[in-house]
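Take a look at the structure set out below.
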Amino acid sequence: MNFRWLALAGLVAAVPAFAAYPEKPITIVVPFAAGGPTDKVARDLAEVLRKGLNNQTLVIENVGGAGGTLGAAKVAKAAPDGYTLLLHHIGMSTAPGLYRKLPYKVLDDFEYLGIVNDVPMTLVGRANLPASNYGELVKWLEANKGKINLANAGLGAASHLCGLLLQQALKTEMTTVPYKGTAPAMTDLLGGQVDIMCDQTTNTSTQIAAGKIKAFAVTTTERLTTPGLDKLPTLDESGLKGFNVTIWHGLYAPKGTPKAALDAVNAALKSALKDPEFIKRQEALGAVVAADARVNPAEHKKFVEAETAKWGAAIKAAGQYAD
Ligand code: ASP
Numbered sequence: 000m001n002f003r004w005l006a007l008a009g010l011v012a013a014v015p016a017f018a019a020y021p022e023k024p025i026t027i028v029v030p031f032a033a034g035g036p037t038d039k040v041a042r043d044l045a046e047v048l049r050k051g052l053n054n055q056t057l058v059i060e061n062v063g064g065a066g067g068t069l070g071a072a073k074v075a076k077a078a079p080d081g082y083t084l085l086l087h088h089i090g091m092s093t094a095p096g097l098y099r100k101l102p103y104k105v106l107d108d109f110e111y112l113g114i115v116n117d118v119p120m121t122l123v124g125r126a127n128l129p130a131s132n133y134g135e136l137v138k139w140l141e142a143n144k145g146k147i148n149l150a151n152a153g154l155g156a157a158s159h160l161c162g163l164l165l166q167q168a169l170k171t172e173m174t175t176v177p178y179k180g181t182a183p184a185m186t187d188l189l190g191g192q193v194d195i196m197c198d199q200t201t202n203t204s205t206q207i208a209a210g211k212i213k214a215f216a217v218t219t220t221e222r223l224t225t226p227g228l229d230k231l232p233t234l235d236e237s238g239l240k241g242f243n244v245t246i247w248h249g250l251y252a253p254k255g256t257p258k259a260a261l262d263a264v265n266a267a268l269k270s271a272l273k274d275p276e277f278i279k280r281q282e283a284l285g286a287v288v289a290a291d292a293r294v295n296p297a298e299h300k301k302f303v304e305a306e307t308a309k310w311g312a313a314i315k316a317a318g319q320y321a322d
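The C-terminal position of the sequence shown is numbered 322 in numbering that gives the first Met the number 0, with every residue numbered one higher than the one before it.
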C-alpha cells in the first residue's frame with residue numbers, strides 16, 4: 000500500500016459512524032397532551048432545532064398521563080439510536096418523590112442534553128369565579144371548603160406540585176381533577192367545569208389577556224415583566240412567604256444513545272436557543288430561554304439531581320407519599 004492509500008485509509012477511519020446523523024425524522028416525546036404548555040415549548044423548539052439537524056422532520060409524539068411519567072418511561076425504554084428524544088419539565092424531578100414504583104431511574108436511564116427554558120406559573124380561575132383578586136380568592140376558598148375543584152395534569156405534573164404546595168400553605172384541601180395535560184384542563188376551566196388551576200404562563204397568558212380566565216398571582220418570588228402579566232402579585236408578597244415554583248424544561252435521550260448523536264443534538268439545541276425569533280416568542284409567553292452554560296449535559300444532570308433532592312424533601316414535608 001503506498002502512502003496515498005494509507006492516508007486515505009486514515010481519513011476513512013476518522014469519519015465517525017454517525018457523520019450523517021440524523022438520516023431520518025426524529026421523534027420528540029412530550030409527556031403531556033397536545034396544545035398544552037410543554038407541547039407548545041416542544042413544537043416551537045422543534046422548528047428551530049431541526050435547522051441544526053440536517054433539516055430533518057422532528058415529530059412530536061404526545062404521550063400524556065400519570066403526570067408525565069408514562070411519556071418519560073416510554074423514552075427510557077426506547078431504542079437508544081438517536082431517533083427518540085424527550086422534552087420534559089420539572090416533573091422529571093418531582094416524580095421520584097411521588098411514586099414508589101417509578102418505572103425508570105431519573106439519573107441512570109437518560110442521557111442529558113441541556114436545559115431549554117424556565118417558565119413561571121400563574122394561579123388562575125374560571126371567568127365566573129366570584130373573586131377578582133388573590134385576597135378575595137382566599138376568602139372564597141375558605142367559604143367553599145370541600146367544594147373546590149383544582150385541575151392538574153396528574154400526580155407528578157407541575158400543576159400538581161403547585162396545587163399541592165398551595166393547599167399546604169392555605170391549609171385547604173381541594174378535590175384534584177387530573178387530566179393528561181393542562182390543555183384539556185384549560186378547556187374545562189374555560190367551560191367552568193373546574194374552579195382553579197396552576198399553570199405555566201405559556202398556556203395561560205393568552206387566555207388571561209383575552210379575559211377568558213381570571214389570574215390571581217404568579218408563583219415566582221419576583222413579579223414578571225411580561226406585558227399583560229406584570230400587574231400580577233406574587234404568592235410570596237400575597238402572604239405565602241417563600242412560595243416559589245418555576246418550571247424548567249430539559250431535553251433527554253435514552254441511556255446509551257451514541258455520543259455523536261448526543262453531541263449533534265446538543266449543538267443544535269445550543270444554536271436553537273440563540274435564535275432571536277425563538278427567544279422573542281418565548282419571552283412574549285413569559286418564558287426565559289436558558290443561557291448557554293445550562294445547555295450542557297453535565298450541568299443539566301447536576302441541576303436535575305439538585306432539584307430532585309429539593310422537591311423530594313418539599314413533597315415529604317407536604318405529607319405526600321409515593322403511591
Ligand atoms: N402544565 C402541565 C403540568 O401541569 C403539563 C402540560 O400539559 O404541559 O405539568
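Backbone N, C-alpha and C define an ideal beta-carbon position, used for all residues, glycine too.
Helix, strand or coil at residue i [DSSP, three-state]
{"i": "Gly249", "result": "strand"}
{"i": "Arg125", "result": "strand"}
{"i": "Tyr111", "result": "strand"}
{"i": "Leu84", "result": "strand"}
{"i": "Asp262", "result": "helix"}
{"i": "Gln199", "result": "strand"}
{"i": "Val176", "result": "strand"}
{"i": "Gly213", "result": "Residue 213 is actually Lys in this sequence, not Gly. Note: Lys213 maps to strand in three-state DSSP."}
{"i": "Leu149", "result": "strand"}
{"i": "Asp117", "result": "strand"}
{"i": "Ile89", "result": "coil"}
{"i": "Gly227", "result": "coil"}
{"i": "Thr220", "result": "coil"}
{"i": "Thr181", "result": "helix"}
{"i": "Thr26", "result": "strand"}
{"i": "Val40", "result": "helix"}
Closest Cα partner of residue i within the set the options
{"i": "Leu128", "options": "Leu154, Leu189, Gly153", "result": "Leu189"}
{"i": "Gly35", "options": "Ala312, Lys273, Gly162, Cys197", "result": "Cys197"}
{"i": "Leu85", "options": "Lys309, Phe277, His248", "result": "His248"}
{"i": "Thr219", "options": "Pro257, Lys211, Pro232", "result": "Pro232"}
{"i": "Asp43", "options": "Ala184, Gly255, Leu69, Val115", "result": "Val115"}
{"i": "Thr186", "options": "Ile212, Asp262, Asp107, Leu69", "result": "Ile212"}
Cβ-Cβ distance between residue i and residue j below 7 Å
{"i": "Ala286", "j": "Val47", "result": "no"}
{"i": "His87", "j": "Ala75", "result": "no"}
{"i": "Thr111", "j": "Lys300", "result": "Here residue 111 turns out to be Tyr, not Thr, going by the sequence shown. Against a cut-off of 7 Å, the Cβ pair of Lys300 and Tyr111 comes out as a contact."}
{"i": "Val123", "j": "Thr203", "result": "yes"}
{"i": "Thr307", "j": "Pro30", "result": "no"}
{"i": "Val58", "j": "Lys73", "result": "no"}
Residue i: first and last residue of the uninterrupted alpha helix (DSSP H) it sits in
{"i": "Lys315", "result": "296 to 316"}
{"i": "Val137", "result": "133 to 142"}
Residue i beta carbon near the ligand ASP (any heavy atom closer than 6 Å)
{"i": "Leu36", "result": "Before going further, note that residue 36 is Pro rather than Leu in the sequence given. Pro36 Cβ: within cutoff of the ligand ASP."}
{"i": "Thr181", "result": "yes"}
{"i": "Ala94", "result": "no"}
{"i": "Ala156", "result": "yes"}
{"i": "Gln166", "result": "no"}
Delimiting residues of the beta strand (DSSP E) encompassing residue i
{"i": "Leu57", "result": "57 to 61"}
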